[in-house]
Amino acid sequence: MSDIKTLGEFIVDNQHDFPHASGELSSLLGSIKLAAKIVNREINKAGLVDITGAAGVENIQGEVQQKLDVYANNKFKAALAARDQVCGVASEEEDDLVAFTNENNLNAKYVVLMDPLDGSSNIDVNVSVGTIFSIYRRVSPVGTPATKADFLQPGNRQVAAGYIIYGSSTMLVYSTGNGVHGFTYDPSLGVFCLSHESLQIPTDGKIYSINEGNYIRFPNGVKKYIKYCQENVPEDNRPYTSRYIGSLVSDFHRNLLKGGIYLYPSTASHPQGKLRLLYECNPMAFLIEQAGGKASDGRRRILDIEPTELHQRVPFFVGSSEMVDKVEAFLEQYPDRV
Ligand code: P6P
């Protein structure tokens, strides 16, 4: 008897966690699984075909869209629309929400928010990138087009969230509120296999992930925290280490497994921080709390922030709970002079 448990089997085995919507959510997660395989295939040959490099257009963030950004966005949108469980999506690569208008989708119960290819500037240099997704039950009436209210929900109302990391191996990590589970893709079989069940992040760690190139513009408390990491040799005598890949999914995943903290505070170029609340911070915050960690904007729990705009940014501190607590303490002790 094979001891391999596939993602599909795991979703079905655990759909009792969603008695009121077991089939729909399972089908929705299945569409994400399919799109992940398709995007993974293209990423794995990015250097071989003319699909890397900028698509020449800018997204609402003012960032030049890489061709794979556009490709990934289109593949996830198509897969989500095809399974009739989703009435609309919001995406980093879409200026506004995309409501699906065929009859089956109008009657769907869920909306999905996504960053289809986070860290895409790393594609051309063969560094890991990822897809981040966040799933909510709609609040607008079934049978009508999705509205902005369906997407502007606080992160504590998510029913599921996860990411795909296209790295040395491709993994899908997700939670439906019953723990965080990781599945590694076996290309020879074409399936995601359960490899990391019930992931828990260590309560403390030694890895801090931040772009220190922005140091001069960091809030005082963040500067103090960085100096604390550089000068403080913990009682176990293992000094802190700085690890920053420039790809949120990659830094987050390593810190989830080993313990650590990822910090993206306000900077000169991003006074509200760079990370987007709805499709980067909320799903990662949902996952880290399910794994026993913490996520805040330096003051507030990320999942309790009431959104006002689809693409709004927030400062983001996520990882081992004791490390996030430490940063919050420094921010409170060393406030910026207003
Ligand atoms: P910087 C990628 O654009 C991203 O959104 C995250 O994946 C990554 O952690 C961060 O921005 C990198 O930003 O300003 O350090 O290059």
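Residue numbers for the sequence shown follow this note's numbering, beginning at -2 and rising by one. Here a beta-carbon is modelled for each residue, glycine too, at the ideal position from N, C-alpha and C.
- Within 8 Å of the C-beta of K203 there is not a single heavy atom belonging to the ligand P6P.
- Q82 counts as buried, since at least 16 other C-beta atoms from the protein chains shown sit within 10 angstroms of its C-beta.
- The beta carbons of D10 and K2 sit closer together than 9 Å.
- DSSP assignment within the segment 172 to 235 yields the following whole alpha helix (DSSP H) runs of 4 residues or more, N-terminal first: 217 to 228.
- Sequence-distant partners of N37 (beyond 5 residues in either direction) whose C-beta falls short of 7 Å from its own C-beta, in its chain, are Y163, T167 and Y182.
- Chain order is used for the residues whose beta-carbon lies nearer than 5 Å to a heavy atom of the ligand P6P, namely D115, G116, N208, G243, S244 and L245.
- Bounds of the alpha helix (DSSP H) holding D147 are K145 to F148.
- Between S125 and S317, the C-beta spacing is not below 9 Å.
- A direct Cα-to-Cα measurement between L77 and G270 gives close to 29 Å.
- Distance from the CA atom of C278 to the CA atom of Y68, rounded to whole angstroms, is 23 Å.
- Between the alpha carbons of L307 and A326 lies a gap of roughly 30 Å.
- Under DSSP, A157 takes part in a beta bridge, and its partners are I132.
- Close CB contacts of F215 within its chain, under the 6 Å cut and outside five residues either way in sequence, are with P262 (chain order).
- By the C-beta criterion, the segment 253 to 260 is judged not to be in contact with the segment 119 to 138, since fewer than 3 inter-stretch pairs fall below 8 Å.
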